[in-house]
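Reading through the structure tokens given below for one structure.
2 protein chains.
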Amino acid sequence: MVKDWYKGGDKVYVAVDCIIFGFDAGVLKLLVFKRRVAPFEGRWSLIGSFVRPDESSSEASHRVLKEITGLDNIYMKELRVYSEVDRDPGARCISIGQYALIRVDEHDKELVESHGAKWYPLNELPNLVLDHGKMVSDALERLRTNAQFYPIGFELLPQKFTIPQLQQLYEVIFQKQFDSRNFRKKLLSLEILKKLDEKDKSSSKKGAFLFQFDSDKYKQIRKKGFSIPLFKNQDVL
Amino acid sequence: MVKDWYKGGDKVYVAVDCIIFGFDAGVLKLLVFKRRVAPFEGRWSLIGSFVRPDESSSEASHRVLKEITGLDNIYMKELRVYSEVDRDPGARCISIGQYALIRVDEHDKELVESHGAKWYPLNELPNLVLDHGKMVSDALERLRTNAQFYPIGFELLPQKFTIPQLQQLYEVIFQKQFDSRNFRKKLLSLEILKKLDEKDKSSSKKGAFLFQFDSDKYKQIRKKGFSIPLFKNQDVL
DNA sequence: ATAGTAAATGTAAATATTACATTTATTTTA
DNA sequence: TAAAATAAATGTAATATTTACATTTACTAT
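Top line first, the protein sequences correspond to chains H and A.
Quick note, in the UniProt record's numbering, the first sequence goes up one by one and the last residue is 237.
Quick note, in the UniProt record's numbering, the second sequence goes up one by one and the last residue is 237.
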């Protein structure tokens, strides 16, 4: 029931749009889809939805993410609200940008295809509808900022990964090369990686040891009151 | 004109609520106001408004902030969207939390009073309507996080301030004492403070030199690709 | 002239970062 | 089965930053 005093307000459409990052074959990719219905039929768009009466914006974005990728329990954070008056010529409609990091190896590729969705390397993105291109560049900036201060890179790698893989990811995110000895030393010094007794031999004869992100340990450290900036000299952007 | 394909969506009320921080008499304060009309007449609330058809959420929050404090050009950032289904029993209404840092010495005190608004020290806050208490604690957390990595403390101090004042502010934000010699050294080493030829004698016979935040220099540094974490060992939270 | 007060300053020890080259483990090939 | 090939793994010395800690300075009030 809507109380009288709300009658002064103007209702608007509220949507979520997901900026979904993945790391595959050494490059950062974004999941976009080709619209099959109006508006913007046939054009590329972020994956989104109206927020339904029975869900929050966060629930809405997790719902569509699951619909398209089959994935639950995804790293997803609010980016910002896009509410410029004329952003959508069809109606007053605000959109909440939600950026997500997923493990490409874990998602349901057939489901993605069946929805007309496709992974594009960030530098080969097609033009997107409305302000979705802006959402992507904002999200990329946010990803870079957050990756400086928090260990979120792990969200983009398989559960088990090698140090060289991790380094490659950070080099792609920050567009910068790191010294492999110093990179390894620094990451291991954070004490948030569990070394496994297993090697990945896909990229060398010697094989590289696999590691897992130790999120319990990370939470402990955070609880004690520390945050972990990955690189001290933050000249990574 | 609303196109047909939007008819599937459900419209909702969209509001902004401002979490307004100030630093006064050595304590962090929040600006809240006593509602004079329904809903929640007589109860304390954040300062907010519906987002109007002709403005973005950012414009809406700057508008109400100006209405109440007389201030323009305020540091204000989106905190997050509060869209839980039952957050407002009167109607489906989502709210965009916007947190702001203002210089208490620059705001229009009479205007604030005339609107029934009042500054409360953070630890003496009255109960607030709806989820506004949660907004405040979220905003405080965000303030602390951001103050670790970015020089935003200056937004809460007068344009001209002393190093001891700056230190006191950071001690309040982080609930932690700093060594005055190291604090001064660290802050000056960032090279974003302009020393003035002027002293503030309000708190000592000797007087303390006044400084200004040099935002041009800070922008230059950022442009070159550096961010500036204020404290290396981020054990400040 | 002296006492009182907060501001300002310096340094040595500990820690973290950087720059840089060789050895190791394994597979493939000769 | 020895040798070649390849990426992974490791160590160290030089530099920079952070930390811990006590005295002097500038000014006002008595």
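Built from N, CA and C at the ideal position, the CB exists for glycine as well.
Inter-residue CB distance, residue i and residue j (contact presumed, cutoff 8 Å)
i: phenylalanine 161 of chain H; j: phenylalanine 211 of chain H; result: 6 Å
i: serine 57 of chain H; j: isoleucine 96 of chain H; result: 5 Å
i: tyrosine 99 of chain H; j: arginine 142 of chain H; result: 6 Å
i: glycine 153 of chain H; j: leucine 169 of chain H; result: 5 Å
i: aspartate 10 of chain H; j: arginine 63 of chain A; result: In fact, because the Cβ distance is near 15 Å, the residues do not count as touching under 8 Å.
i: tyrosine 218 of chain H; j: proline 158 of chain H; result: No, tyrosine 218 of chain H and proline 158 of chain H are not in contact; Cβ-Cβ is about 18 Å, not under 8 Å.
i: phenylalanine 213 of chain H; j: isoleucine 192 of chain H; result: 6 Å
Candidates the options: closest to residue i by CA position
i: alanine 91 of chain H; options: H/Leu156, H/Leu31, H/Pro39 and H/Ala117; result: H/Pro39
i: arginine 222 of chain H; options: H/Gln165, H/Leu156, H/Phe149 and H/Arg103; result: H/Phe149
i: arginine 35 of chain A; options: A/Val51, A/Arg87 and A/Ser114; result: A/Ser114
i: aspartate 197 of chain H; options: H/Gly207, H/Val81, H/Gly8 and H/Ser189; result: H/Gly207
i: aspartate 138 of chain A; options: A/Val2, A/Phe21 and A/Ile102; result: A/Phe21
i: isoleucine 102 of chain H; options: H/Lys29, H/Ile163, H/Gln220 and H/Lys7; result: H/Lys29
i: serine 83 of chain A; options: A/Asp54, A/His132 and A/Trp119; result: A/His132
i: leucine 166 of chain A; options: A/Asp24, A/Pro121, A/Glu41 and A/Gly8; result: A/Asp24
i: phenylalanine 33 of chain H; options: H/Glu41, H/Lys186 and H/Gly26; result: H/Glu41
i: asparagine 146 of chain H; options: H/Met76, H/Ser203 and H/Lys201; result: H/Met76
i: valine 2 of chain A; options: H/Val12, H/Ile192 and H/Trp119; result: H/Val12
i: asparagine 73 of chain H; options: H/Phe183, H/Glu155 and H/Asp200; result: H/Glu155
i: lysine 186 of chain A; options: A/Ser202, A/Lys199 and A/Ile163; result: A/Ile163
i: leucine 140 of chain A; options: A/Phe183, A/Glu78 and A/Asp216; result: A/Glu78
i: leucine 121 of chain A; options: A/Gly26, A/Ser203, A/Gln220 and A/Trp5; result: Before going on, a small fix: residue 121 of chain A reads as proline here, not leucine. Cα-wise, what sits closest to proline 121 of chain A is A/Gly26.
i: tyrosine 6 of chain H; options: A/Val37, A/Gly8, A/Ser61 and A/Lys199; result: A/Val37
i: glycine 8 of chain A; options: H/Gly8, H/Leu31, H/Phe50 and H/Asp4; result: H/Phe50
i: serine 61 of chain A; options: H/Val81, H/Lys205 and H/Leu190; result: H/Val81
i: serine 215 of chain A; options: A/Lys194, A/Asp200, A/Ser202 and A/Ser204; result: A/Lys194
i: glutamine 220 of chain A; options: A/Lys205, A/Ser204, A/Lys201 and A/Leu190; result: A/Leu190
i: valine 172 of chain A; options: A/Asn123, A/Asp200 and A/Glu59; result: A/Asn123
i: leucine 111 of chain A; options: A/Ser203, A/Leu31, A/Leu128 and A/Lys205; result: A/Leu31
DSSP three-state assignment for residue i, whether helix, strand or coil
i: glutamate 78 of chain A; result: strand
i: valine 32 of chain H; result: strand
i: tyrosine 99 of chain H; result: strand
i: glycine 153 of chain A; result: helix
i: leucine 237 of chain H; result: Annotation note: pLDDT 37 at leucine 237 of chain H (below 50); position unreliable, no value reported.
i: lysine 7 of chain A; result: helix
i: isoleucine 20 of chain A; result: strand
i: lysine 109 of chain H; result: helix
i: leucine 196 of chain A; result: strand
i: valine 14 of chain H; result: strand
i: alanine 208 of chain A; result: strand
i: serine 215 of chain H; result: helix
i: serine 203 of chain A; result: coil
i: valine 27 of chain A; result: strand
i: serine 58 of chain H; result: helix
Open item on the list: Check whether the region 58-75 of chain H and the region 107-115 of chain H touch, using three or more Cβ-Cβ pairs below 8 Å as the test.
Closed with: Contact holds: three or more Cβ-Cβ distances are below 8 Å.
TODO: Decide yes or no for the touch test of the region 34-52 of chain H against the region 6-25 of chain H: beta carbon pairs closer than 8 Å, at least 3 of them.
DONE: Contact holds: three or more Cβ-Cβ distances are below 8 Å.
- [ ] Decide if the region 73-93 of chain H is in contact with the region 115-125 of chain H; the criterion is three or more beta carbon pairs, one per stretch, under 8 Å apart.
- [x] Because the criterion of three Cβ pairs below 8 Å is not met, the region 73-93 of chain H and the region 115-125 of chain H do not touch.
Task: Continuous alpha helix (DSSP H) assignments of at least 4 residues falling wholly in the region 155-188 of chain A - done: Listed in chain order, the complete alpha helix (DSSP H) runs (minimum 4 residues) inside the region 155-188 of chain A are 163-174.
TODO: Tell me the start and end of each unbroken alpha helix (DSSP H) in the region 112-136 of chain A that is at least 4 residues and wholly inside, in chain order.
DONE: With a minimum length of 4 residues, no continuous alpha helix (DSSP H) run stays inside the region 112-136 of chain A.
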